[in-house]
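First residue of the sequence shown? That's 1 in UniProt numbering, and the numbers climb one at a time after it. Step one of this worksheet: look at the structure below.
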Amino acid sequence: MKKPDLADLTAFAAIVAQRSFRKAADELGLSPSTLSHMMQVLEQNMGVRLLHRTTRSVAPTEAGERLVTRLRPLLRDLDLALEDVNEFRDRPSGILRINTSEPAARLLLERVVPTFLARYPEMSLDLATENRLVDIVAGGFDAGIRLGEALPQDMIAVRFGGEARFVAVASPGYLAGRRTPQTPDDLKDHECIRFRLPSGKFFRWEFARSGQEIALEVPGSLTLDHLGLMAESAARGLGIAYVSVSVAQPYLDQGKLVLVLGEWCPLIPGLFLYYPGNRHVPLGLRAFIDVLKEAE
1 MKKPDLADLT AFAAIVAQRS FRKAADELGL SPSTLSHMMQ VLEQNMGVRL
51 LHRTTRSVAP TEAGERLVTR LRPLLRDLDL ALEDVNEFRD RPSGILRINT
101 SEPAARLLLE RVVPTFLARY PEMSLDLATE NRLVDIVAGG FDAGIRLGEA
151 LPQDMIAVRF GGEARFVAVA SPGYLAGRRT PQTPDDLKDH ECIRFRLPSG
201 KFFRWEFARS GQEIALEVPG SLTLDHLGLM AESAARGLGI AYVSVSVAQP
251 YLDQGKLVLV LGEWCPLIPG LFLYYPGNRH VPLGLRAFID VLKEAE
C-alpha cells in the first residue's frame, strides 16, 4: 500500500461529510472531476474501495467508514495545531464556517458580516444555510446558529438578535368571505400551508395564551419546506401560513398579509450562536463573537 498524502485524505473526508462530489468540490475549491481523480488515486494507492458511487449519491464503503472515523479526530487535531500557531498572529486569518438557517443568515448579513469582514480582512466567512439541524462537529463547522429552543446539548451559546416570534398569517383576500380563526382549534376549518421537516414529519404549530399551550398538526393541501415560500404562498391567497415574523414582515408592511391569532403567538427565545464547549475556540470565531455582541 502506498501511503496517501494529506490532501487526498482531507478531500475524502469532505466527500463523506457532504455525501456529494460536487458539494465537496465547492468546499475545497476544486472541480468535481479533479476530486474524482484524487479518489481514484487514493483507492488505488490503498488497494481498497472507499466509496460507493451512483449517479445521484456517494457513500463510504465499510472500509471507507472505518477510515473516516479515524480521520475526523486527526483532521480536527491538525486544525487545532494550526490554530494554536494562529494565536501568535496580531489578527485572525483563515476560514470561519458557520451553519445556520436562511433567516438567521440574512440577519447576520445585515448586522454582523460587513463589520466582521471589514475589520478582519484576512478572514473568510463560509455560511451554510440549511432547513435542518446538523451536527456541527461532524459537519466540520466552527459554530452553528439556531433558535434557543432548538440548541443541542453541551454547547456554549451566545444570544443575539433579541427575542423571536412565530405568527400565523393570511392574505386579506383569503380571509374575505371566511370566518377568521379566533382560537387555534378553528384552524381545522381552514387551508393551512404546512411545513415538512427534513425527517419527513410535519412541523406542529405552537400557540400559547394565559398559560395555555397548544401544539397542532394542521390540515392543508399545500406542503412546503421553505419559510419564505410559505409566506409568499400565503400572500397569494393559498391559505394560512405559520412563519417567523422576520420572514412575514415585508408582506405585513405591504398589506399583503395580516396576522391571524396574534394574541396566541407569544415571544420565544431568539437566535443563539453555539459552539462546542470542550474544544479550543478559534481566534476567528472569538473575533466573530465580539462583533456579534457589538451588534446587540
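Where is the CB? At the ideal position from N, CA and C, for every residue including glycine. Here the structure is a predicted model, which means the values were calculated and not measured.
(message) What would DSSP say about T61, mapped onto helix, strand or coil?
(response) coil
(request) In the DSSP assignment, find the alpha helix (DSSP H) that holds G284 and state where it starts and stops. (result) 283–294
(request) Check whether the segment 233–243 touches the segment 114–125, counting contact only when three or more Cβ pairs, one atom from each stretch, lie closer than 8 angstroms. (result) no
(request) With a floor of 3 residues, list each beta strand (DSSP E) that falls wholly inside the segment 232–264, ordered by position along the chain. (result) 241–244, 258–260
(message) Extract the residue ranges of the alpha helix (DSSP H) inside the segment 105–129, only unbroken runs of 4 or more that lie entirely within it.
(response) 113–119
(message) Taking 8 angstroms as the threshold (C-beta atoms), are G144 and I136 in contact?
(response) yes
(request) Check whether the Cβ atoms of V169 and A231 sit closer than 8 angstroms, and answer yes or no. (result) yes
(message) How far does the alpha helix (DSSP H) with E206 in it extend, from its first residue to its last?
(response) No alpha helix (DSSP H) contains E206, which is instead part of the beta strand (DSSP E) from 205–209.
(message) Between V258 and P172, how many whole angstroms is the CB-CB distance? I'm expecting something under 8 angstroms.
(response) 6 angstroms
(message) Mapping the DSSP letters down to three states, classify H37 as helix, strand or coil.
(response) helix
(request) Label residue 297 either buried or exposed according to how many other C-beta atoms from any shown protein chain fall within 10 Å of its C-beta, with 16 as the threshold for buried. (result) With the chain running from 1 to 296 in the structure shown, residue 297 is simply not present.
(request) Provide the residue(s) that pair with M155 in DSSP beta bridges, ordered along the chain. (result) P276
(request) Would you kindly check if the distance between the Cβ of A14 and the Cβ of R72 is under 8 angstroms? (result) no
(message) Tell me which residue opens and which closes the alpha helix (DSSP H) that R97 is part of.
(response) Per DSSP, R97 belongs to no alpha helix (DSSP H); it is in the beta strand (DSSP E), 94–100.
(message) Only counting the same chain, and skipping five residues up and downstream in sequence, which positions put a Cβ closer than 7 angstroms to that of L292?
(response) V112, V158, F160, L273
(message) I need the straight-line Cα distance from D26 to N45, nearest angstrom please.
(response) 25 angstroms
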